[in-house]
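Have a look at the structure below before the remarks.
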Amino acid sequence: MTGPAAIVDFLVNRARPFIYATAPSPLAAAAVREALRMVEDEPARRAALARRVAIAEGKLAGLGLRGSGSHIQPVILGRNARALRAARAVRAAGFDCRAIRPPTVPEGTARLRISLTLNVAEADVAALIDAIGAQIQEEAA
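Convert by adding 435 to the 1-based position in the sequence shown; the result is the number in this note's numbering.
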């Protein structure tokens, strides 16, 4: 720490939480506690998310794409330009979908990353994959 010695001493002795903040905040701890409670007390939420994952993976399989087995579904398209075109088309269909490209992912594995949550209906998940499929089929034509 640099500055006048009196200020440095004051901060070290009176502002330790701002200097040494490596522990999780009380808010983060409370959020984790509530999340763990929800996992234990609300298994229907996990089952509902699993249904959305199954819907997405079933429709992706129909497109010849492999699912991830989790709520994060990467739709690997390869080239950057292809991923950008697909993301643009899917956004035009009303879905917030972004292309993920190098350096975030390895070269040649540009993709769309779908994050499934309980905030969308099962029908919306199906419609999203249908929009991706329409773009893939349009490019193949």
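Beta carbons are placed, not taken as given, at the ideal position from N, Cα and C, and that holds for glycine.
query	result
Look at the alpha carbon of residue 522 and the alpha carbon of residue 494, and state the distance between them as a whole number of angstroms.	18 Å
When you compare the stretch 558–571 with the stretch 488–504, are there three or more beta-carbon pairs, one atom per stretch, that lie closer than 8 Å?	yes
Between 546, 488, 555, which has its C-alpha nearest residue 533's C-alpha?	546
Only counting the same chain, and skipping five residues up and downstream in sequence, which positions put a Cβ closer than 7 Å to that of residue 432?	Only positions 436 to 576 of the chain appear in the structure, and residue 432 is not among them; the question remains open.
Nearest-angstrom Cα distance between residue 485 and residue 479?	10 Å
Nearest-angstrom Cα distance between residue 474 and residue 481?	7 Å
Between residue 540 and residue 487, which are expected to be in contact by the criterion C-beta below 8 Å, what is the C-beta distance as a whole number of angstroms?	With 8 Å as the limit, residue 540 and residue 487 do not qualify as a contact, their Cβ atoms being about 23 Å apart.
For the alpha helix (DSSP H) that residue 474 lies in, which residues bound it at each end?	461–476
Where does residue 560 sit, in a helix, a strand or coil, going by DSSP?	helix
Relative to the C-alpha of residue 548, which residue among 469, 483, 491 is closest?	491
Could you say which of 519, 526, 518 lies nearest to residue 562 if we only look at CA atoms?	526
Starting from residue 500, follow the alpha helix (DSSP H) in both directions and report where the run begins and ends.	First-last for residue 500: undefined, no H or E at that position.
The alpha helix (DSSP H) spanning residue 553 covers which residue range?	Premise fails: residue 553 is in no alpha helix (DSSP H) and is neither H nor E.
If you reduce the DSSP assignment to three classes, tell me which class residue 510 lands in.	strand
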